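These notes concern the structure reproduced below.
Numbering (this note's numbering), first residue to last: 7 to 246.
Right, here's the structure in full:
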């Protein structure tokens, strides 16, 4: 098969003729002006497929793309028909809208992912802050509980001490009353005995009665003062 240029180009007196001869073992020659140069093209291995230049790993992918474009075999360009090309163009033209939509969807997805990341970061920060706050609150509550428990123990010890002190005071008051009662009885017995023994006159008896009343009054005053001292003596400041 021979292909010749339909319109040979000539400049001045120089002429250009290009002739390509495709046949097994033949050569193609080119002449320009008076300079002769020749080159040979080996076309014996050309089969009309893309396997000559496309790696095998890519041919499978080209096949998948061709199936998506209406079943056109991208690995066999010589087998294409006009219908194949038209159908592939129709399918490809329908993808223009999808490309625009995909760009918008990509933007939306990126915004959503950015929001999700910010939301996760917000939740993580809030969780960490809440954990720290909860730990601090629990620590302060524990301190307050321990302080309150310590107060209860001290209050119990203080109440026990007060009760023991009050018991000692009550015991001392009871003993003092018994002592003064015994003393009063002895004084009264002595006065009565003296009255009987002396057989004194009425004036002496009256005098003895007066002395007895004075003694009784004095005894009552001493008793009242002593009881007051026992009850309030522990409240008086200690002299330094």
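For every residue, glycine included, the Cβ atom is placed at its ideal position computed from N, Cα and C. From a predicted model like this one, the values you see are computed outputs, not experimental measurements.
The residue among 108, 113, 110 and 76 with its C-alpha nearest the C-alpha of residue 98 is 76. Relative to residue 199, the option among 188, 187, 185 and 214 whose CA is nearest is 214. Within a 10 Å sphere around the beta-carbon of residue 94 sit 16 or more other beta-carbons, which makes this residue buried. For the 8 Å CB-CB criterion, residue 221 and residue 193 form a contact.
Residue burial annotation: residue 80 is buried, with at least 16 other C-beta atoms found within 10 angstroms of its C-beta. Taking C-alpha positions only, residue 156 is separated from residue 137 by approximately 28 Å. The beta carbon of residue 107 is closer than 6 Å to none in its chain, skipping five residues each way along the sequence. Annotation for residue 99: the continuous alpha helix (DSSP H) segment containing it runs 88-99. Residue 218 is a Cβ neighbour of residue 197, given a cutoff of 8 Å.
According to the DSSP assignment, residue 74 belongs to the alpha helix (DSSP H) that extends over 62-74. Taking 8 Å as the cut-off, the Cβ atoms of residue 178 and residue 236 count as close. Here residue 132 carries a helix assignment [DSSP, helix/strand/coil]. Distance from the CA of residue 238 to the CA of residue 148, rounded to the nearest whole angstrom, comes to 41 Å. The beta carbon of residue 64 lies closer than 7 Å to none in the same chain, with the five residues before and after it left out. Taking 8 Å as the cut-off, the Cβ atoms of residue 86 and residue 92 do not count as close. Collapsing the DSSP output to three states places residue 236 in a helix.
Rounded to whole angstroms, the gap between the alpha carbons of residue 125 and residue 105 is 30 Å. Non-local C-beta neighbours of residue 68 in its own chain, meaning closer than 6 Å and more than five positions away in sequence, comprise 80 and 81, ordered along the chain. Of all alpha-carbon atoms in 195, 212, 216 and 190, the one lying nearest the alpha-carbon of residue 229 is that of 190.
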